[in-house]
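Working notes, structure below.
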Amino acid sequence: MAEDLPPSERELDVLKVLWELGTGSVRDVHERLAPELGLAFNTVQTVLRNMEDKGLVGHRADGRTFVYFPKHTREQVTSRFLNKVFGGALDQFVLSMLRASDAAPDELRELEKLIAKARTEKQRKGEN
Numbered sequence: 184m185a186e187d188l189p190p191s192e193r194e195l196d197v198l199k200v201l202w203e204l205g206t207g208s209v210r211d212v213h214e215r216l217a218p219e220l221g222l223a224f225n226t227v228q229t230v231l232r233n234m235e236d237k238g239l240v241g242h243r244a245d246g247r248t249f250v251y252f253p254k255h256t257r258e259q260v261t262s263r264f265l266n267k268v269f270g271g272a273l274d275q276f277v278l279s280m281l282r283a284s285d286a287a288p289d290e291l292r293e294l295e296k297l298i299a300k301a302r303t304e305k306q307r308k309g310e311n
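Mapping of the sequence shown onto our numbering: residues 184 to 311, in sequence order.
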């Protein structure tokens, strides 16, 4: 991912679709985004081309159709955001997210379970 070319909000919308699908044509992405965002087919096509120029996606030809794929995982993009915005401070990131959203008690319990699971896995691997 180009250090100075982070994904825009619209590009993140497209990446979310591609992360979900794995790969997708312009039509596939458009069908997922159009109901929610009301984007024209040509807009999605232009966004994907710009994303390829930025190194966010790649494509392969399937006949006359380009099939796009994300060049970075959700985790890689999240990690970059964490480092760029929070200097890698995971606790500050989580605290900021909790303050920014109205998390329900069941969501907080699920987060606690995920943290406990991550702690157990790290201890199993011998990490601190």
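All C-beta atoms in this analysis are idealised placements derived from N, C-alpha and C, irrespective of residue type, glycine included.
Less than 7 Å between C-beta atoms, sequence neighbours within five positions excluded: which residues of the same chain meet that for Val200?
Gly207, Val212, Arg215, Leu216
Where does Ser284 fall in DSSP's three states?
coil
Taking its Cβ as the centre, do 16 or more other Cβ atoms sit within 10 Å of Val268, making it buried, or is it exposed?
exposed
Go through its chain and collect everything with a Cβ distance to Val240's Cβ below 7 Å, but skip five positions before and after it.
Leu201, Leu231, Met234, Tyr251, Phe252, Pro253, Lys254
Among Glu203, Leu294, Asp236, the one whose alpha carbon lies nearest that of Thr256:
Glu203
7 Å Cβ cutoff met for Val209 and Gln228
yes
Other residues of its chain near Arg193: CB distance less than 7 Å, five sequence neighbours each side excluded:
Val230
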